[in-house]
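J.:
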Amino acid sequence: MSCVAMAASTSVTKSTTTTSTSTSQSKLSSSSAPSTMTPPSIDLLYLTFNCAKNLLDIPVFGSHLQTAFRQNATGLPEVVVLSLQEVAPLAYSFIGGYFLNPYLSRYEQAINIAAQHIIDDISSRNSETVNTTPTALPSKPYTLVRAKNVGYTAILLFAREPSRLKNIQEAEVGFGAAEIGNKGAVGLRMLYEADGGSSELTFVATHLAAMEWNLPRRNANWAAIMRGMAFENPEVVVNSYKTSVTPSPASTPPAEDEPERTRLLHNEHNEQHSQLQQQLHNISVFRPSSFLFVAGDLNYRISTTSPPPSATFPSLDPESENYYPDFFRLDQLTRERNAGRTLHGLSEHEVRFPPTYKYDVLPPRPGTREPELDVPWKFAVHRYPGWTDRILFLDVPSWLKKGNSQDPKFNVRAYDCLPVLRMSDHRPVFLRIDVPLISPSDMAPPSDLDRGVSKDPRARLPMEIDPEAWERRAAARRKEVMAGWSMYLWSTKQGVCILATVLAFGAGVYWLYRRF
């Protein structure tokens, strides 16, 4: 097994002889400070988890995060992003705000608890003496910079140094019934500045359609993301461009000049259309100047049908003839991505961890103590185990690669899953990666690039942006709020109490009115 639970014993722990605690603290924001030979980079951890609408067990999740932070690293990542699906009950998710905060805040607590343990461990190893003098409570290692949700799906952005994150933008799209967010995607885009350089980063958190047979719907959900997720209002972009275009002066040319005039007008129209498409490209998920990371419960399975009673399931035993890596060749996401039907242009690091879904959590073993870090489980018999929870990225563009050792590149430290948690039938998956600092101007495709040939979606959009995307999302959001309050009043104890109080008050007022 390559999950964190098994990999903890093999994680790299680089020792240090530095005796100054303050020096060790300065190294914590990056586990690999850039040297003169190493281009500057961003140490990033992106984690996806289907929370099954339950409150997070902070001590358990925090303990597992510690192991994830230590895997192939000696310090903390500079940026942590969480993609959460089914983050809370649907009523709370649709209403948001006050009702959703208790669910989201637990992840902030868990991350900071785990990070503080890492800091304390490094400080104690680097100190020759133990300071027993009581000190003030430490500040939070991570700051929650932005939290955003679309229905069930949320994205949380944390940073060690929030001041390095500039120009944060948001985008969202729903593709549930009536385009509401029981299934959907939410994104954040920002400029990260450090070490005299910068990179533009785009993160998308999503939850695609479930069920084995729903493969076409999953691909359609991804198409909805490409078409409807815009970081600025596309209608404003279109209208602004229309008003900025000055029409050619009308004149009546001689008859023999009419073909030439038609050709010139046609060329002018094509050029204007190309300029407009470039502006829309810049507000899409595939912005040419940005790196892109997509994480979530993508729900791609290893079969289009449910398993029969006699089905063979993957085994985590390396000696078994059904050892789980042999089943990955059936993975729908890999097949559909290679065929160009989903996740266009994105790459994925080699998957070595076991299936992350679907788990039946068993009762605790006798004598189990809290926190329960080793949860007994078995695969659910009515679903084929699958790698539903994934993280993909848009790699360094080909036009920046010269074919030598100095080429900017991603360095994947770990792509793995966490152990089973009692709260969910999914396992969390995380990606720890060093992202090179490449300025937005350097990322942009060169003018001589043949956009008609390049398959990089930063050069040519696979699908045009819907100009009415923001208007459609606003209409869907109004439906979510109405549905959320309706579900809250009729399906929760608090809502029933509110209804009962209102009815009792109304009955009392009516009785007084009739009596007097």
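Read in order, the letters of the sequence shown correspond to residues 1 to 516 in UniProt numbering. By construction, the Cβ of each residue, glycine as well, lies at the ideal position given by its N, Cα and C atoms.
How is residue 93 classed by DSSP in three states: helix, strand or coil?
T.: For the purposes of this step, residue 93 is taken as the residue at position 93 of the sequence shown. DSSP places residue 93 in helix when its eight states are reduced to three.
J.: Using the C-alpha atoms, what's the distance from residue 192 back to residue 412?
T.: Within the sequence shown, numbered from 1, the residue matching residue 412 stands at position 412. Within the sequence shown, numbered from 1, the residue matching residue 192 stands at position 192. Approximately 19 Å between the Cα atoms of the pair.
J.: Need the endpoints of the alpha helix (DSSP H) that residue 225 sits in, please.
T.: Reading the sequence shown from its first residue, position 225 is the one you call residue 225. Here the alpha helix (DSSP H) through residue 225 covers 215-228.
J.: Are the beta-carbon atoms of residue 198 and residue 437 separated by less than 8 Å?
T.: Along the sequence shown, one-based indexing puts residue 198 at 198. Along the sequence shown, one-based indexing puts residue 437 at 437. Yes; because the gap between Cβ atoms is below 8 Å, this pair is in contact.
J.: Taking 8 Å as the threshold (C-beta atoms), are residue 149 and residue 426 in contact?
T.: Counting from one through the sequence shown, the residue named residue 426 turns up at place 426. Counting from one through the sequence shown, the residue named residue 149 turns up at place 149. No, these two residues do not count as a Cβ contact at 8 Å.
J.: Would residue 353 be called buried (16 or more neighbouring beta carbons within 10 Å of its own) or exposed?
T.: For the purposes of this step, residue 353 is taken as the residue at position 353 of the sequence shown. Flag for residue 353 reads buried.
J.: Nearest by alpha-carbon distance to residue 304: which of 410, 157, 243, 215 is it?
T.: If you number the sequence shown from 1, residue 304 lands on position 304. Checked all of 410, 157, 243, 215; the closest Cα to residue 304 is 215.
J.: I need the straight-line Cα distance from residue 375 to residue 481, nearest angstrom please.
T.: Position 375 of the sequence shown, counted from the first residue, corresponds to residue 375. Position 481 of the sequence shown, counted from the first residue, corresponds to residue 481. When rounded, the distance between both Cα atoms is 37 Å.
J.: Looking at C-beta atoms only, is the number of pairs between the region 157-176 and the region 226-240 that lie closer than 8 Å three or more?
T.: Short answer: they touch.
J.: Below 8 Å on the Cβ atoms is my guess for residue 298 versus residue 333; work out the distance and round it to an integer in Å.
T.: Taking the sequence shown and counting its residues from 1, one reaches residue 298 at position 298. Taking the sequence shown and counting its residues from 1, one reaches residue 333 at position 333. Their Cβ separation, rounded to whole angstroms, is 6 Å, which keeps residue 298 and residue 333 in contact under 8 Å.
J.: Counting only runs that start and end within the region 49-101, where is the beta strand (DSSP E) found for 3 or more residues in a row?
T.: Complete beta strand (DSSP E) runs here, min 3: 79-85.
J.: Can you tell me which of the three DSSP states residue 436 falls into?
T.: The count along the sequence shown starts at 1 and reaches residue 436 at position 436. DSSP places residue 436 in strand when its eight states are reduced to three.
J.: Flag this pair as yes or no: are the beta carbons of residue 99 and residue 202 separated by less than 8 Å?
T.: Indexing the sequence shown from 1 puts residue 99 at position 99. Indexing the sequence shown from 1 puts residue 202 at position 202. No, the Cβ-Cβ distance between residue 99 and residue 202 is not below 8 Å.
J.: Is there contact between the region 414-431 and the region 355-370, where contact requires at least three CB pairs shorter than 8 Å?
T.: Yes, the region 414-431 touches the region 355-370.
J.: I'd like the ranges of any beta strand (DSSP E) spanning at least 3 consecutive residues and lying wholly in the region 394-477.
T.: You should have 411-417, 429-436.
J.: Counting Cβ pairs closer than 8 Å, one from the region 175-183 and one from the region 103-114, do we hit at least three?
T.: They do not touch, by the three-pair rule.
J.: Decide yes or no for the touch test of the region 428-437 against the region 65-84: beta carbon pairs closer than 8 Å, at least 3 of them.
T.: Touching, per the Cβ criterion.
J.: Going straight from the alpha carbon of residue 521 to that of residue 120, what length do you get?
T.: In this structure the chain extends from 1 to 516, so residue 521 is not present and cannot be described.
J.: Assuming residue 88 and residue 103 are in contact, meaning their beta carbons sit under 8 Å apart, how far apart are those beta carbons, in whole angstroms?
T.: Here residue 88 is taken as the residue at index 88 of the sequence shown, counted from 1. Here residue 103 is taken as the residue at index 103 of the sequence shown, counted from 1. That pair is a contact at about 4 Å.
J.: Which class does residue 29 belong to by DSSP, given the choice of helix, strand or coil?
T.: As a working note, residue 29 is residue 29 in the sequence shown. For residue 29, the pLDDT reaches just 47, beneath the cut-off of 50, and the residue's location in the model is therefore unreliable, leaving the point undetermined.
J.: How is residue 110 classed by DSSP in three states: helix, strand or coil?
T.: Position 110 of the sequence shown holds residue 110. Three-state result, residue 110: helix.
J.: What is the DSSP secondary structure of residue 502, reduced to helix, strand or coil?
T.: For the purposes of this step, residue 502 is taken as the residue at position 502 of the sequence shown. Three-state result, residue 502: helix.
J.: Check the DSSP bridge columns for residue 390 and list the partner residues they point to.
T.: In the sequence shown, residue 390 corresponds to position 390, counting from 1. Bridge partners of residue 390: 296.
J.: Among 381, 186, 470, 400, which residue has its Cα nearest to the Cα of residue 311?
T.: To locate residue 311, count along the sequence shown from 1; it is residue 311. Of 381, 186, 470, 400, the residue nearest in Cα terms is 381.
J.: Got a sec? Which residues, its chain only, sit under 6 Å from residue 342 by beta carbon, not counting five neighbours each side?
T.: For the purposes of this step, residue 342 is taken as the residue at position 342 of the sequence shown. Result list for residue 342: 219, 222, 336, in chain order.
J.: Relative to the C-alpha of residue 52, which candidate in 141, 70, 85, 447 has its C-alpha closest?
T.: Counting from one through the sequence shown, the residue named residue 52 turns up at place 52. Measuring from the Cα of residue 52, the nearest candidate turns out to be 85.
J.: Among 347, 152, 473, 66, which has the Cα closest to the Cα of residue 519?
T.: Nothing about residue 519 can be read from this structure; the chain reaches only from 1 to 516.
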